[in-house]
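Printed below as a string of structure tokens:
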């Protein structure tokens, strides 16, 4: 095993002598704009990166953003700019998966606009192959008609055992986690000098980093294990966070060396092996399109202070499959918190809530939502915890919730700072009022989305402030 | 009675899907890890009880010897029902605080060498 950061920094190495160097970070906007990230990307390019890869979409936050066509985590221009400009200058390709909290065409579009902006600002042309992550319903229906069964990945009652025609019809949008293969196909255009890099919609996190090594003929197991380690950028470092870039060097025998591009961080056996188990329900095997990565026999070795070498993963070839992610709309909902500071207002709160309830239901009917019933009634918590007991003149937060009575289910939801609300079956749902530290009205708005299944239905209404006039409830979104 | 957090270097959790949460427990000392592995402390039944979920919702408990870590994966549930990220009943959108019940899990073995 060789390597070490000094050797990495030596000039004059070429790919035939050393391994292939993959620079990786997270580009989905959740990192925010970070000078540290930009510096680490620059440092990685200086350390001889052969490709810049970054993952930028995920579904762990649930189905809402996919269904609503929103990116959720807006793209941060700086984080792309430094990579795109650096890649062009260094004559290396970039490979990004895009979209934020989902990776269908709507989210991809949001992210692509940033590349337009960069090109305009810098007066350059960015030539990229763009690969959609969306799957057309017709395509899936044709597969079903051809008798192809699409089983659920996990044995959960939230998913149909097999994808049905109804699932497809009900879906707002369906995306698939692409593996590295479409990216490899696009990289042929890079080789031909026609593009600068590849931008994709929804993709397997590690597919993004695997693509270029596979394209260059490196072994699948080593590429996949390398990708799994660096897919979250510096999450595999000590201290772990996803805020800056890491470098991996891959040899033709499948050996990987990983190090952080920033000198103040290090990779340790524990940080690297620890990350290899992160975000996966099984630490040893990971299902991928076309194969399963098995790291149960993998060995990790500390090469120097901040570099770890990894080898020994295996790849079991399977029939080629991709993971489909679909979402269907359940309706609309809103939750909001409002603050009452005036003692007189607090005293008359029950009456005001009744008023607001009435106004809300009127507004909803006025907005054309059919078969509404009033849902909300108010009560103070019967037995508030002592810690939260109500001092005089304490600000109050009111949380309320309304949804179709027909779909009412018993549930309890705690908000971030100790607010809670309760909905019960039969009888009007009660409203609870809790003291809170919150000082600003808070509202969340959105359609509720379910991963191809579910029963609840919600209504989105965005009030301006509490107590409300009926006009402030007029911004209702209608299904 | 010592608690699990006293023998661990890292305890963390994260969604592995909209439907699944996974917890990672990294143990500091090899002896503690070996003890934990052979003890019947981390069983599917015990985890189900700790998290108040049906046993079948616990997907797996994996001991990863080379890094002295335990991975515990389970479906996201609420009152015994399966839920997904962002559901009304989902109290932890990215599943990043689901390791809390493990922190204070009591370790009954008096012989266990506590190094925290």
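Chains as they are written, first to last, in our numbering: chain A, 1 to 479; chain B, 480 to 595.
Glycine residues also receive a C-beta, built at the ideal position from the N, C-alpha and C atoms.
These numbers were taken from a predicted model, which means no experiment stands behind them.
Out of 251(A), 178(A), 51(A) and 277(A), point me to the one whose CA is closest to residue 222(A)'s CA.
-> Considering only alpha carbons, the answer is 251(A).
Quick check: the segment 491-506 of chain B against the segment 562-571 of chain B, are there 3 or more CB pairs under 8 Å?
-> The segment 491-506 of chain B vs the segment 562-571 of chain B: in contact.
Between residue 241(A) and residue 235(A), what straight-line distance do the alpha-carbon atoms span, to the nearest angstrom?
-> Cα to Cα, residue 241(A) sits roughly 5 Å from residue 235(A).
Going by alpha carbons, who is nearest to residue 181(A) out of 200(A), 195(A), 172(A) and 171(A)?
-> Closest in alpha carbon position to residue 181(A), among 200(A), 195(A), 172(A) and 171(A), is 200(A).
For residue 486(A), which residues in chain B fall below 7 Å Cβ to Cβ?
-> For chain A, the structure presents residues 1 to 479; residue 486(A) sits outside this window and is missing.
Using only alpha-carbon positions, find the residue among 587(B), 491(B) and 485(B) that is nearest to residue 574(B).
-> Looking at the Cα atoms, 491(B) is the closest of the given residues.
With residue 515(B) and residue 549(B) assumed to form a contact (beta carbons below 8 Å), what rounded beta-carbon distance in angstroms separates them?
-> Residue 515(B) to residue 549(B), Cβ: 7 Å. Contact.
Cβ-based burial, residue 148(A) [other Cβ within 10 Å; buried from 16] = Looking at its Cβ environment, which holds fewer than 16 other Cβ atoms inside 10 Å, residue 148(A) is exposed.
Alpha carbon to alpha carbon, what distance is there between residue 351(A) and residue 436(A)?
-> Confidence at residue 436(A) is low in this model, with a pLDDT of 31, below 50, so its placement is unreliable and the value that follows should be read with caution. Each residue's Cα considered, the two are about 21 Å apart.
Closest residue to residue 94(A) among 206(A), 305(A) and 190(A) (Cα-Cα distance) | Restricting attention to 206(A), 305(A) and 190(A), the CA atom closest to the CA of residue 94(A) is found in 190(A).
Identify the contact partners of residue 60(A) in chain B, using a Cβ-Cβ distance below 8 Å as the criterion.
-> Under the 8 Å cutoff, chain B gives 493, 494, 495, 496, 497, 564, 573 and 574.
Nearest-angstrom Cα distance between residue 504(B) and residue 307(A)?
-> Roughly 24 Å between the two C-alpha positions.
So, is residue 275(A) buried or exposed, given that buried needs 16 or more other C-beta atoms within 10 angstroms?
-> Buried: at least 16 other Cβ atoms inside 10 Å.
Cβ pair residue 24(A), residue 247(A) closer than 9 Å = Cβ atoms of residue 24(A) and residue 247(A): closer than 9 Å.
Endpoints, the alpha helix (DSSP H) within which residue 278(A) is located = Following the DSSP letters along the chain, one finds residue 278(A) in no alpha helix (DSSP H), marked with neither H nor E.
Under 9 Å between C-beta atoms of residue 50(A) and residue 92(A) | A distance below 9 Å separates the beta carbons of residue 50(A) and residue 92(A).
Of the residues 85(A), 63(A) and 59(A), which one's Cα is nearest the Cα of residue 98(A)?
-> The shortest Cα separation from residue 98(A) among 85(A), 63(A) and 59(A) belongs to 59(A).
Can you tell me the Cα-Cα spacing of residue 41(A) and residue 362(A), whole angstroms?
-> Straight across, the Cα-Cα distance linking residue 41(A) with residue 362(A) is about 55 Å.
For residue 558(B), count neighbouring Cβ atoms within 10 angstroms of its own Cβ and tell me buried if that reaches 16, exposed if not.
-> Classification for residue 558(B): exposed.
Name the chain B residues whose beta carbon is nearer than 8 Å to that of residue 156(A)?
-> Within chain B, the residues 498, 554 and 561 have their CB atoms less than 8 Å from the CB of residue 156(A), given in chain order.
Identify the contact partners of residue 63(A) in chain B, using a Cβ-Cβ distance below 9 Å as the criterion.
-> Within chain B, the residues placing a beta-carbon under 9 Å from that of residue 63(A) are 497, 563, 564 and 565, ordered along the chain.
Could you tell me whether the Cβ of residue 538(B) comes closer than 9 Å to any Cβ of chain A?
-> Closer than 9 Å: yes.
Contained alpha helix (DSSP H) runs [length at least 4] in the segment 530-569 of chain B, N- to C-terminal order | Within the segment 530-569 of chain B, no run of alpha helix (DSSP H) at least 4 residues long lies entirely inside it.
Sufficient close CB pairs (3 or more, under 8 Å) joining the segment 69-77 of chain A to the segment 217-232 of chain A = Judged by Cβ distances under 8 Å, the segment 69-77 of chain A makes no contact with the segment 217-232 of chain A, as fewer than three pairs qualify.
Cβ of residue 541(B) less than 9 Å from any chain A Cβ?
-> With its beta carbon less than 9 Å from one in chain A, residue 541(B) belongs to the interface.
What do you reckon, are the CB atoms on residue 232(A) and residue 196(A) nearer than 9 Å?
-> In this structure, residue 232(A) sits away from residue 196(A), with a CB-CB distance that is not shorter than 9 Å.
Please name the residue, chosen from 167(A), 172(A) and 291(A), that lies closest to residue 144(A) on a Cα-to-Cα basis.
-> Ranking the options by Cα distance to residue 144(A), first place goes to 167(A).
Contact between the segment 277-288 of chain A and the segment 525-544 of chain B (3+ Cβ pairs under 8 Å) | Yes, the segment 277-288 of chain A is in contact with the segment 525-544 of chain B.
Exposure label - residue 569(B); buried when at least 16 CB within 10 Å = The residue is buried, with at least 16 neighbouring Cβ atoms inside 10 Å.
DSSP state of residue 314(A) mapped onto helix, strand, coil | The three-state secondary structure of residue 314(A), taken from DSSP, is strand.
Can a CB atom of chain B be found closer than 9 Å to the CB of residue 308(A)?
-> Taking CB atoms only, residue 308(A) has no neighbour in chain B less than 9 Å away.
Which residue from 210(A), 249(A) and 151(A) puts its Cα closest to that of residue 185(A)?
-> Ranking 210(A), 249(A) and 151(A) by Cα distance to residue 185(A) puts 210(A) first.
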